[in-house]
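Residue numbering for the sequence shown is 212 to 669, as defined by the working numbering.
Comments concern the structure below.
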Amino acid sequence: MFKKTILCIGAGYVGGPTMAVIAKHCPEYKVVVVDINPKRIAQWQSENLPIYEPGLEEVVFTSRGRNLFFSTDVDAHIASSDIIFVSVNTPTKTFGQGAGRAADLQYWEKTARQILKNSSNGKIVVEKSTLPVRTAAAMERILNSNEKGIHFDVLSNPEFLAEGNAIQDLENPDRILIGARHTDSAQKALQQIVDIYAHWIPMEKIVTSNVWSSELSKLVANAFLAQRVSSINTISALCEKTNADIEEVSRAIGMDSRIGSKFLTAGVGFGGSCFKKDILNLAYIAECYGLTEVSKYWEQVVAINSYQQQRFVRIVVSSMFNTVADKKIALFGFAFKADTGDTRESPAIDIAKALMEERAILSIYDPKASDGISSDLQQFRGRFTVEEDPYKTARGAHAIIIATDWKQFKDYQYEKIFEEMEKPAFIFDGRNILDHKKLYEIGFNVHRIGRPPLSHLG
Ligand SMILES: NC(=O)c1ccc[n+]([C@@H]2O[C@H](COP(=O)([O-])OP(=O)(O)OC[C@H]3O[C@@H](n4cnc5c(N)ncnc54)[C@H](O)[C@@H]3O)[C@@H](O)[C@H]2O)c1
């Protein structure tokens with residue numbers, strides 16, 4: 212009764228939301244999302260979805276059981292599908308050649324072999340994961356070196372959603388990019404993927420290209436975004452030395468239409484599972500082609516991100532009379548950004564670790580990311596607590612650190628928080644989101660990024 216069956220392998224931050232939105236807009240397609248992780252699938256089938264995204268529940272609950280299904284039976288669903296999106300994780304390699312930089316493609320290759328083993332007819336395979344340029348060629352070689360006489364077309368359709376804004380990004384993307392080879396068969400396959408997105412996305416936003424441009428564009432988009440963050444963070448360091456104000460500089464340069472105003476907020480740096488891994492991968496690919504200068508240029512974006520976090524910790528320690536040993540510090544926010552529960556590569560992790568190495572005692576509060584904290588900091592067990600209430604988190608603390616840009620952090624009763632803290636009380640706003648003047652008037656010593664501190668200590 213369904214026109215076609217779409218399968219997505221990998222029910223993570225990308226696979227789950229992306230397929231839920233496709234299912235919502237394409238009721239005549241059956242959409243199945245599979246994963247090898249039974250806990251994740253059970254959560255997708257329950258009332259408590261495995262990830263937090265504003266608007267996600269509504270989209271999933273609308274289609275689930277109608278034309279959206281979640282399953283652990285990867286083999287059976289490969290066999291019965293027409294189009295397969297592959298959205299498995301592609302982390303940085305931790306071993307062998309390219310360790311710490313290249314993409315670890317083992318999950319990817321295993322998936323290709325699994326597709327081949329369980330297919331008795333040709334299928335369209337779509338790369339949704341972010342992959343090194345020219346991966347589709349390897350994928351096609353594996354899939355089409357079969358003795359069954361069946362043909363696969365491998366397309367690239369990278370995902371540009373931003374966590375925390377995923378549903379809006381999927382509903383109304385800046386563009387959909389689909390890369391395909393220029394063979395008749397690949398171009399027909401391309402049309403089938405265009406037809407899916409055309410259900411809700413205007414044609415002028417559906418961009419097609421060759422496969423290699425599509426693969427590379429995803430890496431480049433992340434590299435450019437991260438590069439803006441690192442660029443503005445270098446200037447924040449200069450502002451602190453010169454008494455220039457980073458917010459004034461950002462506003463002034465962001466009004467230049469050639470520069471634009473987005474991604475110009477200075478802070479403790481970027482996090483998330485993608486930016487660092489994708490830039491390192493881009494740098495590694497450049498190096499493999501002998502482009503050493505290109506590689507070094509992009510590596511510096513990651514180096515500046517670490518520098519900014521270390522610099523922030525140095526400011527915390529030096530402002531607190533050069534020692535935080537046995538001082539309670541409240542960490543507000545642990546997710547890598549607001550509106551997500553994802554802590555992967557969150558700047559909060561390295562900040563927390565560095566402070567605990569200085570023997571601080573941390574109490575940590577995050578509205579949505581509590582689950583990840585204990586495992587991210589497991590080697591420091593006993594030196595931190597995870598709290599459920601921000602007021603309790605700050606009670607008896609010497610300092611508060613804002614590590615994530617959650618909006619609600621602006622609305623707390625800081626008079627009440629101040630009363631219950633040790634004095635002198637400090638706030639280190641690593642995201643420049645609070646009302647600093649008001650906090651200073653309450654009595655806090657306020658440190659912000661790229662702006663002069665507001666201190667009562669002379
Ligand atoms: N998270 C983001 O914001 C984002 C945005 C754009 C692109 N991407 C890219 O999308 C890809 C997926 O990212 P994610 O954040 O969704 O990762 P994730 O780790 O949340 O999800 C990947 C899922 O794939 C599953 N998996 C791995 N191997 C499998 C196999 N052989 N069969 C079935 N399931 C398997 C894992 O169990 C996991 O649940 C990555 O390449 C990432 O770079 C991520």
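C-beta: ideal position from N, C-alpha, C; glycine also.
query, result
"If contact is defined by three or more beta carbon pairs under 8 Å, each pair taking one atom from either stretch, is the segment 285–294 in contact with the segment 323–337?", "yes"
"Answer yes or no: the CB of C485 versus the heavy atoms of ligand 1, is any distance below 7 Å?", "yes"
"Output the distance between the C-alpha atoms of G654 and I446, rounded to the nearest integer angstrom.", "29 Å"
"Using only the alpha-carbon positions, how far apart do Q519 and Q317 sit?", "33 Å"
"DSSP three-state label for D364, please.", "strand"
"Beta-carbon within less than 7 Å of D616's beta-carbon, same chain only, minus the 5 sequence neighbours each way: which residues are those?", "K548, A549, R642 and I644"
"If you compare alpha carbons, which of T419, L218, D467 and T301 is closest to S330?", "L218"
"Between K488 and P302, how many whole angstroms is the CB-CB distance? I'm expecting something under 8 Å.", "6 Å"
"When every heavy atom of ligand 1 is checked, does at least one fall within less than 7 Å of the C-beta of G266?", "no"
"Are the beta-carbon atoms of I353 and L388 separated by less than 8 Å?", "no"
"Say yes only if the C-beta of Y224 is nearer than 7 Å to one or more non-hydrogen atoms of ligand 1, and no if none qualify.", "yes"
"Answer with buried or exposed for D561, where buried requires no fewer than 16 other C-beta atoms within 10 angstroms of its C-beta.", "buried"
"Within 10 angstroms of its Cβ, does P343 collect 16 or more other Cβ (buried), or is it exposed?", "buried"
"To the nearest angstrom, how far is the alpha carbon of A448 from that of Q403?", "50 Å"
"Whose C-alpha, out of K321, A391, I262 and I233, is nearest the C-alpha of T554?", "I262"
"Would you check whether ligand 1 has a heavy atom nearer than 7 Å to the C-beta of R251?", "yes"
"Helix, strand or coil for Y508, going by three-state DSSP, please let me know.", "helix"
"Give the straight-line distance between the Cα atoms of S557 and R594, rounded to the nearest whole angstrom.", "19 Å"
"Does the separation of the CB atoms of H236 and H410 fall below 8 Å?", "yes"
"So V242 packs on S282, CB below 8 Å; how close in whole Å?", "Going by Cβ atoms, the distance from V242 to S282 rounds to 11 Å, so no, they are not a contact pair."
"Ends of the alpha helix (DSSP H) at D395?", "D395 to Y408"
"Go through its chain and collect everything with a Cβ distance to W319's Cβ below 8 Å, but skip five positions before and after it.", "V297, V299, T301, S340, L342, T346 and M350"
"DSSP puts N656 in a beta bridge; with which residues?", "F637"
"Which whole-angstrom value describes the C-beta separation of V225 and E370, a residue pair presumed to lie in contact below a C-beta threshold of 8 Å?", "5 Å"
"Among G661, K579, K634 and F543, which has the Cα closest to the Cα of D622?", "F543"
"Starting from I294 and walking both ways along the beta strand (DSSP E), at which residues does that stretch end?", "I294 to V297"
"Alpha carbon to alpha carbon, what distance is there between I575 and S683?", "This structure gives no information on residue 683, because the portion of the chain shown stretches from 212 to 669."
"If you count every other CB in all the chains shown that lies within 10 Å of the CB of A348, and 16 or more means buried, which is it?", "exposed"
"Is any heavy atom of ligand 1 found at a distance shorter than 7 Å from the C-beta of V431?", "no"
"Assuming E358 is part of the alpha helix (DSSP H), what are its boundary residues?", "Here E358 belongs to no alpha helix (DSSP H), and DSSP marks it neither H nor E."
"When you compare only the Cα positions, how much space is there between Q619 and I378?", "21 Å"
"Could you check where the alpha helix (DSSP H) with T229 kicks off and where it finishes?", "G226 to H236"
"Thinking Y495 and R606 are a contact (beta carbons under 8 Å), I'd like their distance in whole angstroms, please.", "The Cβ separation is near 47 Å, so there is no contact."
"Identify, in the order they occur along the chain, each residue of the same chain with its Cβ nearer than 7 Å to the Cβ of A614, setting aside the five sequence neighbours on each side.", "V479, L542, F543, G544, F545, P558, A559, I562 and G641"
"Extract the residue ranges of the alpha helix (DSSP H) inside the segment 574–630, only unbroken runs of 4 or more that lie entirely within it.", "581–587, 601–605 and 625–630"
"Is N332 near ligand 1 - that is, is its Cβ less than 7 Å away from at least one heavy atom of it?", "no"
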